[in-house]
Amino acid sequence: MEIKQGLIVKAVSDMYYVDCGEKVYSCKARGKFRNISVKPLVGDKVTIEIDNSTSEISACIVEVAERSNSMIRPAVANIDILVIVSSVSLPKPSPAVIDKITAAAEYRDIMPAIVFNKVDEGKPDKYLEIYSKTNYPFMSVSARTGEGIEHLKKLISGKIVALCGNSGVGKSSILNCLCSSAVAATGEISEKLRRGKHTTRHVELVKTDGGGYIADTPGFSSWEFTGKNHIPCNELQYCFSEFKEYIGKCKFTSCTHIKEQGCAVIEAAAEGKISDVRHKDYVEMYNELKSINDWEL
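Position in the sequence shown (first residue = 1) + 387 = the working numbering.
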């Protein structure tokens with residue numbers, strides 16, 4: 388038997404593909420993980436046991452290292468940066484969707500980065516204004532012309548990154564720009580729906596040119612707060628980075644920043660110190676979370 392450490396880069400059904408540096412091994416998971424209700428995820432750092440005693444080499448995952456974070460849908464672990472891709476043109480960007488995903492990332496200690504693709508078709512100035520008060524990286528790129536791609540490569544160098552965004556925004560095209568070995572097919576825009584066809588079928592980590600990995604995540608375009616994706620109402624305020632300067636300065640210690648008198652966050656939004664669009668989205672998210680029944684969690 389031979390023991391190696393590696394990274395799960397792909398999971399298809401009950402088969403895991405573990406990159407150990409010199410080779411990617413196809414592995415099954417030990418039965419003990421089912422007994423302790425642990426399911427290995429793409430992005431997990433694992434120990435594998437390799438049986439070289441027969442002509443057909445077999446390997447299995449025997450240990451999963453502690454995770455820094457994880458997401459359920461998509462099922463990915465140990466993400467350093469969540470890159471939220473939008474399009475300057477079509478499909479039309481939705482700050483409400485972006486803000487829900489940035490909040491979910493913050494709650495899981497994942498750094499959000501906002502990337503607007505297709506800047507050869509327009510400029511994302513009004514969206515830059517919305518996010519200028521946050522500490523999130525904001526980048527304008529064109530996968531078609533290459534504009535801004537080098538800056539994005541620098542941001543993600545050596546990191547494990549997940550891409551998300553509506554179908555049709557160019558996630559697969561950006562992936563191909565960042566990874567010379569990328570195998571994702573570029574989906575053509577559906578003229579009927581003005582939405583991209585779902586061309587990526589499984590979660591997979593692809594090596595980037597900068598020595599990191601990108602998780603191409605099929606169908607990851609929004610976030611639902613039910614189940615294990617839930618964020619407690621009283622913790623949502625900490626998921627908006629620009630609010631943190633004002634939390635604790637409100638008239639009431641129990642302030643929810645929704646409509647209270649003397650709320651420092653509301654005053655900051657009124658004075659333009661934080662985006663009123665972001666605050667409006669916060670209020671909608673708070674009310675959505677508050678309305679979720681216990682049985683939905």
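All residues carry an ideal CB built from backbone N, CA and C; glycine is no exception.
Just so you know, these numbers come straight off a predicted model, no measurement behind them.
CB of residue i within 7 Å of CB of residue j, strictly
i	j	result
valine 685	leucine 592	Absent from the model: residue 685. The displayed extent of the chain is 388 to 684, so no value can be given.
alanine 530	cysteine 564	yes
cysteine 551	isoleucine 497	no
tyrosine 404	proline 427	no
glycine 535	serine 527	yes
glycine 430	isoleucine 547	yes
isoleucine 448	glutamate 389	no
glutamate 647	phenylalanine 639	yes
alanine 452	lysine 432	yes
cysteine 642	leucine 676	no
isoleucine 634	valine 670	no
valine 590	proline 482	no
leucine 469	alanine 549	yes
Residue i - partner residues in DSSP beta bridges
i	result
glutamine 392	Thr434
phenylalanine 688	One cannot answer for residue 688 here, as it falls past the ends of the chain, which runs 388 to 684.
leucine 562	DSSP lists no partner for leucine 562.
tyrosine 404	Lys397 and Ser413
lysine 594	Tyr600
serine 445	Asp438
cysteine 551	Ile471
glutamate 508	BP columns for glutamate 508 are empty, so no partner.
glutamate 450	Thr434
valine 429	Val463
Rounded C-alpha distance that separates residue i from residue j
i	j	result
alanine 446	phenylalanine 420	15 Å
tyrosine 494	isoleucine 618	7 Å
alanine 398	lysine 513	39 Å
serine 474	lysine 667	22 Å
threonine 489	glycine 557	19 Å
alanine 500	proline 524	5 Å
glycine 509	glutamate 516	15 Å
alanine 491	asparagine 553	16 Å
tyrosine 518	serine 559	24 Å
arginine 417	leucine 539	38 Å
alanine 464	leucine 394	10 Å
aspartate 401	tyrosine 412	14 Å
isoleucine 661	lysine 391	49 Å
methionine 458	glutamate 654	34 Å
phenylalanine 627	valine 652	11 Å
glycine 659	leucine 562	36 Å
cysteine 414	serine 440	16 Å
cysteine 637	asparagine 680	29 Å
lysine 541	aspartate 467	14 Å
isoleucine 435	glycine 597	26 Å
leucine 477	aspartate 486	19 Å
valine 484	methionine 672	10 Å
Exposure label - residue i; buried when at least 16 CB within 10 Å
i	result
glutamate 629	buried
threonine 595	buried
asparagine 504	buried
glycine 555	buried
alanine 657	exposed
lysine 410	exposed
lysine 520	buried
glycine 583	Low per-residue confidence applies at glycine 583: pLDDT is 47, beneath 50, and the placement is therefore not dependable enough to give any value.
arginine 454	exposed
Problem - 3-residue-minimum beta strand (DSSP E) runs that sit fully inside the stretch 456 to 501, ordered along the chain - result: 468 to 474
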